[in-house]
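Numbering (the numbering used here), first residue to last: 18 to 468. All C-beta atoms, glycine included, are put in the ideal place defined by N, C-alpha and C. Okay, so here's the structure we're looking at.
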Amino acid sequence: MIAPARTAAHAALREVNAGRLDLPAALAQVRPTLKDERDRSLATDLVTGTLRWQGQIDHLITEFAKRPLARLDFDVLQILRLGAYQLIHLDRVPAAAAVNDAVAMTRRARKTSAAGLVNAVLRGISRNTHRLPIPARPPDGDALSYLEVALSHPRWLAQRWLDRYGFDAAERWEAFNNAAAPVTMRVNRLKTTVEALVGSLAEHGVEVKPATYAPDGLMVTSGNPLRTPLAGTGLFFLQDEASQLVSLLGAPEPGMRVLDTCAAPGGKTTAMAAMAGDGADIVATDVRRARIQLLNDTVIASGSKRIRVIQADVEAGLPFTSAFDVVFVDAPCSGLGIVRRDPDIRWRRTESQLIPLADAQLRMLRNAAEVVGPRGRLIYSTCSSEPEENERVVAGFLHANERFRLVDLRAEQPAYFQALEPVLDGAGCLRTRPDTHGLEAFFGAVLRRVQ
């Protein structure tokens, strides 16, 4: 009998690599089919790990199958990928079980003629796990081939990071992307304090430590907060530390009017509400109905009474006539800065997508600027590592709009800005980097209206 976790993992991997679902949606689809939490955990590990190492795995499949990937049946390729991942990267899975299940899955998929190939390829990999034909690290091997194959990143992206940062930084960046991300939460100060939440979590067997930079961030070191009675109470929200730092750019004060466009799932919206002690009037918008529902749920859980949720499309134009003190554009982007958490992004994105994304981001920024009041702040952020979506969007906006100036956050006084000092770049913008800060790659710029 094929292990249920492997069956579910195969189904999810098919959806992702066929381009029908992203990784979170694919996992959400298959997890309910597994009754045992251990199976759900293993299925998640199998899919996430296979996608993380897919570049390396595909190279090895080509070597041992002695044929290009294009000549392999789609379903057979997914089965080979899952099997190879288990053989190379999961010590706790017996090799025989991985191979036997892969062959059985091939037959069940009505690809019986490929069963011998699957068996031969996976047994070949299993026998050679200590001498796999993978490009060596420099100085013995080619830097780009090593970054592409051994560390499993698309060649175009590896080339960009190699050119911009050099080999050592690119290697650290990719190694970061290939590691499991910790569970990170933000304490909701509207309902509790850091100290009180740490104590409550400990009572339920969850140990945490302070985040490296985010003042309200906690990193889980043992236990699972989502399996405690505290989950869903609004005492905390799961939120990446770099995302928490971006929220600080809002720095709202009581009495301010704040607009958060592209606000779902609501992490930054509710963080800004907490920063102002629920004393700021916040309008949160998003474009899709499903995202609005998610945003509403987060706002309700936060306990804030001053957040109003509206469906609106900032790219098409905002329906507001009055001005705001703070306008936040956390723009939809390539997501290349969060590859550690969503490893499928590295394979779904192409270099040709960056300019169209940047064009849309610039339209959003221009539309958002129309509702910024005198001396107000316009904040632009992404979870992208690439300059086309970050500083070049900001430069393009400023070139055509003399009413705004870039704020050098190193010279600003608000306490929230001072907390950002370790993650500011030479222009005074927020820029977190895996190789430097041990965080996902986020970018954030504050633009002040001066006219």
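Per-residue DSSP class, three states only, for residue i
i	result
T229	coil
M202	strand
L243	helix
Q256	coil
L168	coil
V411	helix
I324	strand
V275	strand
T79	helix
M122	helix
T210	coil
M236	strand
R392	strand
L68	helix
L437	coil
T129	helix
L63	helix
R448	strand
T250	coil
T338	coil
E224	strand
S402	coil
Among the options, the one whose alpha carbon lies nearest that of residue i
i	options	result
N384	F414, I355, R358	F414
S103	P349, L68, T129, L134	It should be noted that the sequence gives Gln, not Ser, for residue 103. Closest option to Q103, Cα to Cα, is L68.
D90	K52, S58, A131	A131
R306	A192, F337, Q328	Q328
F18	P49, G72, A119	The question names Phe, but residue 18 is Met in the sequence shown. Comparing Cα-Cα distances from M18 to each of P49, G72, A119, the minimum goes to A119.
D185	A458, V463, V467, P451	P451
V424	E387, R465, D56	R465
T229	A280, T250, V215, A259	A259
G72	G234, D342, Q95	Q95
P282	G267, S319, T250	S319
K52	A25, L99, A42	A25
L149	N117, H76, L86, V343	H76
L174	R366, V440, L99	R366
Q488	E368, A436, F434, A60	The structure shown does not extend to residue 488, since the chain is modelled only from 18 through 468, so no value can be given for it.
W190	L214, T453, T146, A248	T453
L99	T245, V64, L86	V64
S398	I105, G354, A101	G354
Residue i: first and last residue of the uninterrupted alpha helix (DSSP H) it sits in
i	result
L99	91-106
R306	306-319
R144	132-144
R148	No alpha helix (DSSP H) holds R148; DSSP gives it neither H nor E.
L423	No alpha helix (DSSP H) holds L423; the beta strand (DSSP E) holding it covers 421-423.
E32	21-34
R363	362-365
G284	284-292
L44	40-47
Alpha carbon of residue i to alpha carbon of residue j, nearest angstrom
i	j	result
A428	A444	11 Å
Q378	Q261	21 Å
E332	L374	12 Å
A290	A112	51 Å
R325	T286	10 Å
E54	L255	20 Å
A20	L447	46 Å
L265	T315	18 Å
G11	V356	Because residue 11 is not part of the residues shown, which for the chain are 18 to 468, the question remains open.
N34	D92	10 Å
G240	E220	11 Å
T209	F253	9 Å
P271	K322	13 Å
A458	R420	29 Å
T449	P85	38 Å
M381	V116	50 Å
A28	N145	28 Å
A280	T129	49 Å
R308	A293	24 Å
P439	L426	11 Å
V135	A153	26 Å
Span of the beta strand (DSSP E) around residue i
i	result
V343	341-347
D185	Here D185 belongs to no beta strand (DSSP E); instead the alpha helix (DSSP H) covers 184-194.
I299	298-303
A375	No beta strand (DSSP E) contains A375, which is instead part of the alpha helix (DSSP H) from 371-386.
V463	460-466
beta-carbon residue i near the ligand MN non-hydrogen atom, thresh 6 Å
i	result
L243	This structure simply doesn't include the ligand MN, nor any ligand for that matter.
- Segment contact, 8 Å Cβ cut-off, at least three pairs: the segment 409-426 with the segment 349-365: Verdict: no, contact absent.
- Message: Does the structure place the segment 271-281 close enough to the segment 295-313 that three or more beta carbon pairs sit under 8 Å?
- Response: The segment 295-313 is in contact with the segment 271-281.
- Any 3 or more C-beta pairs closer than 8 Å across the segment 342-351 and the segment 157-176: The answer is no - the segment 157-176 does not touch the segment 342-351, with fewer than three Cβ pairs under 8 Å.
- Query: Between the segment 198-215 and the segment 226-243, are three or more C-beta pairs nearer than 8 Å?
  - Reply: They touch, by the three-pair rule.
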